[in-house]
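J.:
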Amino acid sequence: MRLRICVLSLLISAPSFAYAQDSNSLTIDGQVMVTETAAPAHMENVDTIYSGWRFRSQETQAMEMDDFDNPAFVFLDKAYELWDAVDGTEGKSCSSCHEPEDFTGLRAQLPRVEGEELVTLEDLINRSRVEHMGAEPWKWSGTQMTSMTALVGLQSRGLPMDVAIEGDAKPFWEAGKEIYYTNVGQLDMACSSCHEDNYGMMIRADHLSQGQINGFPTYRLKNAKLNSIHGRFKGCMKNIRATPFKEGGAEFKALELYLASRSEGLSVETPSVRN
Ligand code: HEC
Ligand code: HEC
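Mature numbering (1 follows the signal peptide of the UniProt record, and there is no 0) puts the sequence shown at residues -20 to -1, 1 to 255.
#1: Mind checking N207: buried by the 16 CB within 10 Å criterion, or exposed?
#2: Helix, strand or coil for Q1 per DSSP?
#3: Report yes if the C-beta distance between Q149 and Y160 is below 8 angstroms; otherwise report no.
#4: Classify L201: buried if its beta carbon has 16 or more other beta carbons within 10 angstroms, exposed otherwise.
#5: Within the structure, which residues are defined as neighbours of ligand 1 by a Cβ-heavy atom distance below 7 angstroms, reported in chain order?
#6: Whose C-alpha, out of E227, A59, N203 and K205, is nearest the C-alpha of K214?
#7: Is R34 closer than 8 angstroms to N255 when the C-beta atoms are compared?
#8: The beta strand (DSSP E) spanning residue 261 covers which residue range?
#9: Going by other Cβ atoms of all chains shown within 10 Å of its Cβ, with 16 needed for buried, is A115 buried or exposed?
#10: Measure how close the beta-carbons of V253 and R137 come, nearest whole angstrom, since I'm counting them as under 8 angstroms.
#11: What do you reckon, is the C-beta of G180 under 7 angstroms from a heavy atom of ligand 2?
#12: Should M(-20) go down as buried or exposed, given a rule of 16 or more other Cβ atoms within 10 Å for buried?
#13: Is the beta carbon of M217 within less than 7 angstroms of some heavy atom of ligand 2?
#14: Using a Cβ-based criterion (distance less than 7 angstroms to any ligand heavy atom), does M169 qualify as near ligand 2?
Shown next, in the form of structure tokens:
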């Protein structure tokens, strides 16, 4: 415990500007996004939730406000090519069976429980590839998958995040919550140490957000590509010198459900831009 306080106070400091998060409003293509709203009742320690967009610099914010300036759209062009590309033993492409618009609302409601399983967008896409196309599954955070999750997610842009957490989903949600609050790694920190206890503060040169997932996949200026939700979790775990869970594994899926429930009511911003 003493070590943790010590490490935190070394790393984290107040921002040199006045506000914990700015008050800019996000409009994309004339559509107003909800970037701030009352926290859902299950979040005991937080009153208001904010999109990560509110914590970024004005230059980074501007890139997300216009699809022509948003570098993620290079990957959407790629996704439209993949959409029409025949692959696998059945001689089919996504376009043989779907229109992108069929997926309106889907991003906002994932992950969800089917049978005994917690299912993410990546799972659904790979299920179609394997079972309906006779094709190889795509790698969880590979360019093909992140481009396609961006295309599917874009169909829900502007809709409120709204995952089910009761009933069958409850045990997965509880498991995710447990992970969120458990200290791990050499720095002995939990997700909550940064994204709940210290959002609005600076960690080195970075402005700490609430670690919301309403904008994924996210184009990051740091690596100039689309980043998956689990890829981001992995990066945060590495930063606190913890051994990350596996992308696509049960732990990260449960954590994804829990985080999605902490984004409730924020607009889907896919594809967002972050540093
Ligand atoms: C041969 C027809 C076929 C092809 C080709 C196909 N799918 Fe599907 N897809 C389905 C069917 C049928 C379902 C619903 C049942 C299921 O999930 O297996 C589905 C479900 C989905 C879902 C979940 C939708 C929801 O609301 O639950 C997604 C996302 C999806 N497909 C994406 C894709 C993508 C992306 C491709 C191309 C890489 C693709 N599909 C190719 C037939 C197809
Ligand atoms: C030592 C502090 C720290 C810890 C602990 C930490 N993160 Fe982060 N995280 C960051 C920083 C810094 C960023 C980039 C700036 C920001 O958005 O906060 C970030 C970004 C994120 C984002 C992207 C937010 C967006 O708007 O795109 C998510 C999601 C996230 N973290 C989830 C997690 C999860 C899940 C855990 C626990 C496994 C975790 N983080 C633990 C520091 C931390």
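Note that the Cβ used here is the ideal one computed from N, Cα and C, for glycine as well.
T.: On the basis of the coordinates in this document:
#1: When all chains shown are included, N207 counts as buried.
#2: In this structure, Q1 counts as coil in the three-state DSSP scheme.
#3: The question names Gln, yet the displayed sequence has Ala at residue 149. Going by C-beta atoms, A149 is not nearer than 8 angstroms to Y160.
#4: Of the other Cβ atoms in all chains shown, fewer than 16 fall within 10 Å of the Cβ of L201; this residue is therefore exposed.
#5: Checking every Cβ against the heavy atoms of ligand 1 under 7 angstroms gives L62, W63, E70, K72, S73, C74, S76, C77, H78, F83, L86, L101, L104, I105, R107, S108, R109, E111, H112, M113, M128 and V132.
#6: Taking only the C-alpha atoms, the option nearest K214 is E227.
#7: No.
#8: No answer is possible for residue 261: the residues shown for the chain start at -20 and end at 255.
#9: It is buried - the Cβ of A115 has at least 16 other Cβ atoms within 10 Å.
#10: No, V253 and R137 are not in contact; Cβ-Cβ is about 13 angstroms, not under 8 angstroms.
#11: It does not: the Cβ of G180 is nowhere closer than 7 angstroms to a heavy atom of ligand 2.
#12: At M(-20), the pLDDT of 48 sits below 50, so the modelled position is not reliable; the number obtained from the coordinates is stated separately. In this structure M(-20) is exposed. Its beta-carbon is surrounded by fewer than 16 other beta-carbon atoms within 10 angstroms.
#13: Yes, the Cβ of M217 comes within 7 angstroms of a heavy atom of ligand 2.
#14: M169 Cβ: within cutoff of ligand 2.
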